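**Student:**
2 protein chains.
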Amino acid sequence: MVIWLFSHKWRVSLLMSKLEEFHSMFYPRSVAVVGVSTNPQGWGGHAFIRRLKKVGFPGDIYAVNPKATNEVHGVKAYPSVKDIPVRPDMVIVSVPARRVPEVLEDCIAAGVKNVHIFSSGFSETQEEEGRQLEARIVEIIKRGNLRVVGPNCMGLYVPASKFTAWGAPPKGVGNMAFISQSGGHGEILSRYAQELGIYFSKIISFGNARGLQALDFLEYLAEDPDTGIIGMYLEGMSDGNRFTRLVKEINRTKPVIIWKGGLTESGARAAASHTASMAGEARIWDAFFAQTGAIRVNSLEEMADVALLFLHLKPFRGRRVLLLGGGGGNAVAMADICSRDGLTVPTLAEDTRRQLAEFIPLAGNSIRNPLDVWLVQHNLEMFRRCIEIAAADPAIDLIIADRYPHDDDMDDDGPPNFAEQSQRVDEFIVEFAKNNPFGKPLVVAVNAPTNDPNGVKAAAELRLKFALAGVPAYPSQASATRALSRFIGYHEFLAKTQEAAEPTLASCCRS
Amino acid sequence: MVIWLFSHKWRVSLLMSKLEEFHSMFYPRSVAVVGVSTNPQGWGGHAFIRRLKKVGFPGDIYAVNPKATNEVHGVKAYPSVKDIPVRPDMVIVSVPARRVPEVLEDCIAAGVKNVHIFSSGFSETQEEEGRQLEARIVEIIKRGNLRVVGPNCMGLYVPASKFTAWGAPPKGVGNMAFISQSGGHGEILSRYAQELGIYFSKIISFGNARGLQALDFLEYLAEDPDTGIIGMYLEGMSDGNRFTRLVKEINRTKPVIIWKGGLTESGARAAASHTASMAGEARIWDAFFAQTGAIRVNSLEEMADVALLFLHLKPFRGRRVLLLGGGGGNAVAMADICSRDGLTVPTLAEDTRRQLAEFIPLAGNSIRNPLDVWLVQHNLEMFRRCIEIAAADPAIDLIIADRYPHDDDMDDDGPPNFAEQSQRVDEFIVEFAKNNPFGKPLVVAVNAPTNDPNGVKAAAELRLKFALAGVPAYPSQASATRALSRFIGYHEFLAKTQEAAEPTLASCCRS
Chain A
1 MVIWLFSHKW RVSLLMSKLE EFHSMFYPRS VAVVGVSTNP QGWGGHAFIR RLKKVGFPGD
61 IYAVNPKATN EVHGVKAYPS VKDIPVRPDM VIVSVPARRV PEVLEDCIAA GVKNVHIFSS
121 GFSETQEEEG RQLEARIVEI IKRGNLRVVG PNCMGLYVPA SKFTAWGAPP KGVGNMAFIS
181 QSGGHGEILS RYAQELGIYF SKIISFGNAR GLQALDFLEY LAEDPDTGII GMYLEGMSDG
241 NRFTRLVKEI NRTKPVIIWK GGLTESGARA AASHTASMAG EARIWDAFFA QTGAIRVNSL
301 EEMADVALLF LHLKPFRGRR VLLLGGGGGN AVAMADICSR DGLTVPTLAE DTRRQLAEFI
361 PLAGNSIRNP LDVWLVQHNL EMFRRCIEIA AADPAIDLII ADRYPHDDDM DDDGPPNFAE
421 QSQRVDEFIV EFAKNNPFGK PLVVAVNAPT NDPNGVKAAA ELRLKFALAG VPAYPSQASA
481 TRALSRFIGY HEFLAKTQEA AEPTLASCCR S
Chain B
1001 MVIWLFSHKW RVSLLMSKLE EFHSMFYPRS VAVVGVSTNP QGWGGHAFIR RLKKVGFPGD
1061 IYAVNPKATN EVHGVKAYPS VKDIPVRPDM VIVSVPARRV PEVLEDCIAA GVKNVHIFSS
1121 GFSETQEEEG RQLEARIVEI IKRGNLRVVG PNCMGLYVPA SKFTAWGAPP KGVGNMAFIS
1181 QSGGHGEILS RYAQELGIYF SKIISFGNAR GLQALDFLEY LAEDPDTGII GMYLEGMSDG
1241 NRFTRLVKEI NRTKPVIIWK GGLTESGARA AASHTASMAG EARIWDAFFA QTGAIRVNSL
1301 EEMADVALLF LHLKPFRGRR VLLLGGGGGN AVAMADICSR DGLTVPTLAE DTRRQLAEFI
1361 PLAGNSIRNP LDVWLVQHNL EMFRRCIEIA AADPAIDLII ADRYPHDDDM DDDGPPNFAE
1421 QSQRVDEFIV EFAKNNPFGK PLVVAVNAPT NDPNGVKAAA ELRLKFALAG VPAYPSQASA
1481 TRALSRFIGY HEFLAKTQEA AEPTLASCCR S
């Protein structure tokens, strides 16, 4: 049993912490890959070796192949784990499912502790053979006291130790962790988020979870000083009560963003075929989110969208938005979207509107809120005056500015130096967001509904430019608003439960 | 009063049809633009002239400017409409709001019938001056029996007559019409949809609707033989009962897709500032959609997504989807999305699965449904066998295939000619969809969650390639499923109401 001591930062176990216990797994000095064919392409053991070498894993790599004599793919090869002269910190198993039990026995014999079973073909096949094999490996894992990630998963992705044999090559080391029952989702998020400047501390793909559970990884990340934001993709959960307690606790200091897959009947069936998970009922998960305050999302894009806010914005609680953009129909759509997602679009104060009316003509514009003034798209002075006056209004908590990438069709009706002027507005937005003169956060929606590949690219470039400059930028008003609503909801939950919990904080710290 | 005669195709009025009545407006032989400054850039009267010339409007163009003597922007100029030697078929008014009444009086004096009031600054300003001005022009319009589009709008966009002074330059003449209270939405949709090969018969931006109403345009489009699909963006509606009757009738032969803006409190306020519309209550609109069977959407993207199906798919009614793609986590997400949008993902028949199991290994794949077989992304033979066996299953009504654009990271783990092989699968999909061997429609979801501008572009290119080849393709599984659900819902409504209405069809044909 683990007894927790309360600390304001985080709790420290009296027994060995997960941080120490798992260290050799996340920061291995040597890795052996079992099941390495000589085929240079495709998936399998050799692909792990190829990718470890590609990202420059600094430790030793060994290959295991029954017919091995000397070298495979440029690394030393041995017929069995037992034949490797040193004890590898991590063993990646990539052999057909029926051969996994004997490899695990070899690991035990060789004194190996950390094992990643990449192989699939267990209970997720829903065939008797797979189920029996899985029961056998569970028995071996327990008997050998092995730390097993998997089976049927991509394993670990750790940019800091360059133990990243899958996913997009790390562009940096960051403070977001992602625990995922799907390796594919890990692959996608590693690429999708990094492109917005969201970098990772760890990504953990754990598949069928017949050794280590999501809970074990969560405990580790709770202690991990390099992790500040935790994302999870879950298909099933075996110990709901413990999970709820743990997420409730962690979420107070490290926001936990969760995508639960398989909540519909069809989705649950797919989850059973994917990781043999029992998906659980929707109402149980509703209760879980209500109790823990964990942030609920429904896709990887939504997960990255929320993470971007935690990365760049300070906490705030108000829900009253200033919408700054152009186009009357667009203004109606933006206001509808905000209202539907629980944000409000208050009318500006009489005095604010009087000041705006001094330089904005009534015809063709609206100086209420949304502040619908097409000229702000490319007229810096107009943009500056609009935002400085409107953002000062006490009715406003935050700002969403909509921006368009420049394109030839628009330039046609604009001033001759449209693109250049528009870019100056973008630069001002970055400065304004950095200095944050009214303490009111600003995010950008790059509203470019287009199917033209070049237009799509221009919009992605503009969005990227903002995100990399520290201004959260979204591909649509809808995604910006949804992310903001969740971010504000998180801080509201924290404030509410902290107020409620303060007097009895000590009593709830034993689990 | 108009008396309708029933016809199986459409009803024909005994009085002059809207088709005849509005002909000179949609197909003008001459256009005069009132309020033409000498400034070559920016918006205003001169911009209408510039753009009409750019698209090659074949009729005569005249400019009106009080100080005009001879020529402006290369067209003949006159001080007043009354001074133009011929009677223009259409007059575009682009003067400050307070000068609009006198221009309308000039039009009456000159015998002009069709007027587009581009000018804004009327009741949408929510100022007394604007309201009074609007009341004055309403009086003049009635007295002069003018056909007025507007005020505060972009007017008409007719690719067939090249009377398209705004929006994206027409890439073709098509059978979709769009009636919009927002000119900006017309601009965007004209660009967004055309890039997917959806071309327009007419786009009508009608703003404050103080002359012709949405209903007038709807009656015209009902008769228009060049229009097969009708999209609408509405902020307000003045005659709900007549509108409901009309849409109910039209929707039987020409699908009516409607985006209603301003249904939230904030959105309604924005609509009042935009087109001075009373937005109406949400429950009234719920009832409208339930009664008419019109297709409800919430954005222009959703409108184009549905239109793409009407353009390329034959009617079908089943909701049982075969999901064909790769990735276990992706399979769970796809199944969840389908279930949430009212489609089902049935398990394949025992016999189908037996046939699939003959060549698909159990480990790493799932041969239930979703059919999760990563190899289908680039292995044509595997794709062909999968789809030919699974699509033949009687449990299946339609197919969604997910596709990825090729990129370097993926190619790394694939065969050396990954891109080429993947392209062969794409080509096969086009052939399969065209021949439609099982009479089961196929759509594609280009699932490329990426923020990399080049990745975004590659995905848009792949999507475009499918759409232009006649295979509806979507940027995500979610958008594909949503569009399909609406398309099926439309045909379900039609089937249900036709069955119910058949015996009393004659009796409901008088309004």
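Going down the list, the sequences are from chains A and B.
The first sequence stops at residue 511 when you use my numbering, and every number in between is there.
The second sequence stops at residue 1511 when you use my numbering, and every number in between is there.
Note that beta-carbon positions come from the ideal geometry of N, C-alpha and C, so glycine has one too.
Predicted model only: the values in this text are computed from it and were never measured.
Looking at the structure shown, is residue 242(A) part of a helix, part of a strand, or coil, going by DSSP?
**Tutor:** Residue state, collapsed to three classes: helix.
**Student:** Among 460(A), 495(A), 353(A), 193(A), which has the Cα closest to the Cα of residue 1127(B)?
**Tutor:** The residue with the shortest Cα to Cα distance from residue 1127(B) is 353(A).
**Student:** Roughly how far, in whole angstroms, is the beta-carbon of residue 348(A) from the beta-carbon of residue 317(A), given that I think they are within contact range, below 8 angstroms?
**Tutor:** Their Cβ separation, rounded to whole angstroms, is 20 angstroms, which puts residue 348(A) and residue 317(A) out of contact at 8 angstroms.
**Student:** Quick one: which residues of the region 1186-1198 of chain B get their C-beta closer than 9 angstroms to a C-beta of chain A? List them in chain order.
**Tutor:** From the region 1186-1198 of chain B, only 1186, 1187, 1188, 1189, 1191, 1192, 1193, 1194, 1195, 1196 have a Cβ closer than 9 angstroms to chain A.
**Student:** Can you tell me where the alpha helix (DSSP H) holding residue 1403(B) begins and where it ends?
**Tutor:** Element bounds for residue 1403(B): not the alpha helix (DSSP H) but the beta strand (DSSP E), 1398-1403.
**Student:** Could you tell me which whole beta strand (DSSP E) segments of length 3 or greater appear in the region 1268-1347 of chain B?
**Tutor:** Correct list: 1295-1297, 1321-1325.
**Student:** Would you mind sorting residue 1238(B) into buried or exposed? The rule is 16 or more other CB atoms within 10 Å of its CB.
**Tutor:** Burial call: exposed.
**Student:** Taking the continuous beta strand (DSSP E) assigned at residue 1090(B), which residues delimit it?
**Tutor:** Residues 1090-1093.
**Student:** Pick helix, strand or coil for residue 196(A), following the three-state DSSP scheme.
**Tutor:** The answer is coil: DSSP assigns residue 196(A) none of H, G, I, E or B.
**Student:** Chain B beta carbons: is any one of them nearer than 8 angstroms to that of residue 456(A)?
**Tutor:** With 8 angstroms as the cut-off, residue 456(A) counts as an interface residue toward chain B.
**Student:** Pull up the distance between the alpha-carbon of residue 1191(B) and that of residue 448(A), whole angstroms please.
**Tutor:** Each residue's Cα considered, the two are about 11 angstroms apart.
**Student:** What's the gap between the Cα of residue 385(A) and the Cα of residue 401(A)?
**Tutor:** The alpha-carbon atoms of residue 385(A) and residue 401(A) are separated by roughly 14 angstroms.
**Student:** Among 118(A), 64(A), 462(A), which one has its Cα closest to the Cα of residue 403(A)?
**Tutor:** Among 118(A), 64(A), 462(A), the Cα nearest to that of residue 403(A) belongs to 462(A).
**Student:** At a Cβ cut of 9 angstroms, what residues of the region 326-356 of chain A count as close to chain B, listed as they run along the chain?
**Tutor:** Correct list: 326, 327, 328, 329, 330, 331, 332, 333, 334, 335, 336, 337, 338, 339, 340, 343, 344, 345, 346, 347.
**Student:** Of the residues that make up the region 66-92 of chain A, which ones have a beta carbon closer than 9 angstroms to any beta carbon in chain B?
**Tutor:** So nothing in the stretch comes that close.
**Student:** If contact means a Cβ-Cβ distance below 7 angstroms, which residues of the region 1430-1452 of chain B contact chain A?
**Tutor:** The residues in question are 1449, 1450, 1451, 1452.
**Student:** Give a yes or no on contact between the region 1477-1486 of chain B and the region 1304-1311 of chain B, applying the rule of three or more CB pairs nearer than 8 angstroms.
**Tutor:** Counting Cβ pairs under 8 angstroms, three or more are found: they touch.
**Student:** Under 8 angstroms Cβ-Cβ, which residues of chain A neighbour residue 1097(B)?
**Tutor:** Those are 363, listed as they occur along chain A.
**Student:** Counting only runs that start and end within the region 54-125 of chain A, where is the alpha helix (DSSP H) found for 4 or more residues in a row?
**Tutor:** Counting whole runs of 4 or more residues, the region 54-125 of chain A contains the alpha helix (DSSP H) stretches 100-110.
**Student:** Which residues, taken in chain order from the region 1273-1290 of chain B, show a beta carbon closer than 8 angstroms to some beta carbon of chain A?
**Tutor:** Residues 1273, 1274, 1275.
**Student:** Distance check for residue 1378(B) and residue 104(A), CA to CA, integer angstroms please.
**Tutor:** If I take the Cα positions, the gap works out to 34 angstroms.
**Student:** When you check each C-beta in the region 1114-1127 of chain B against every C-beta of chain A, which residues fall closer than 9 angstroms?
**Tutor:** Residues passing the 9 angstroms Cβ filter: 1119, 1120, 1121, 1122, 1124, 1125, 1126, 1127.
**Student:** Give the DSSP-derived three-state secondary structure of residue 1027(B) in the structure shown.
**Tutor:** Residue state, collapsed to three classes: coil.
**Student:** Please confirm whether residue 1235(B) has its beta-carbon closer than 8 angstroms to some beta-carbon of chain A.
**Tutor:** Yes, residue 1235(B) lies at the interface with chain A (some Cβ there is under 8 angstroms from its Cβ).
**Student:** Would you list, in sequence order, the uninterrupted alpha helix (DSSP H) runs of no fewer than 4 residues that lie entirely inside the region 406-486 of chain A?
**Tutor:** Entirely contained in the region 406-486 of chain A, the alpha helix (DSSP H) runs reaching 4 residues are, in chain order, 408-411, 418-435, 453-468.
**Student:** What residues match up with residue 1372(B) in a beta bridge as DSSP calls it?
**Tutor:** According to DSSP, which records beta bridges pairwise, residue 1372(B) is partnered with 1325(B), 1366(B).
**Student:** Would you mind stating whether residue 1062(B) and residue 1158(B) have Cβ atoms separated by less than 8 angstroms?
**Tutor:** Cβ distance not < 8 angstroms, so residue 1062(B) and residue 1158(B) don't count as in contact.
**Student:** Would you kindly check if the distance between the Cβ of residue 438(A) and the Cβ of residue 480(A) is under 8 angstroms?
**Tutor:** It is not a contact, given that the beta carbons lie outside the stated cut-off.
**Student:** Spell out the partners DSSP gives residue 259(A) in its beta bridges.
**Tutor:** The partner list for residue 259(A) (beta bridge, DSSP) reads 233(A), 297(A).
**Student:** Beta carbons nearer than 7 angstroms to chain A: which residues of the region 1254-1268 of chain B have them?
**Tutor:** If the cut-off is 7 angstroms between Cβ atoms, the region 1254-1268 of chain B has 1261, 1262, 1263, 1264, 1265, 1266, 1267 near chain A.
**Student:** Who are the neighbours of residue 1182(B) on chain A, taking C-beta pairs under 7 angstroms?
**Tutor:** Near residue 1182(B) (Cβ distances below 7 angstroms), the residues of chain A are 328, 329.
**Student:** Pick out whichever of 1312(B), 1358(B), 1052(B), 1442(B) has its Cα sitting closest to the Cα of residue 1196(B).
**Tutor:** With distances taken between Cα atoms, residue 1196(B) lies closest to 1312(B).
**Student:** Looking only at C-alpha atoms, which of 1302(B), 1273(B), 1259(B) sits nearest to residue 1282(B)?
**Tutor:** If we check each option's Cα against that of residue 1282(B), 1259(B) comes out closest.
**Student:** Just curious, the beta strand (DSSP E) that residue 174(A) is in, first and last residue?
**Tutor:** Per DSSP, residue 174(A) belongs to the beta strand (DSSP E) from 173-180.
**Student:** Please tell me whether residue 91(A) and residue 78(A) are closer than 8 angstroms, where the distance is taken between their beta carbons.
**Tutor:** No, Cβ-Cβ distance for residue 91(A) and residue 78(A) is not below 8 angstroms.
**Student:** Nearest chain A C-beta to residue 1136(B) closer than 8 angstroms, yes or no?
**Tutor:** Not one chain A Cβ lies under 8 angstroms of residue 1136(B).
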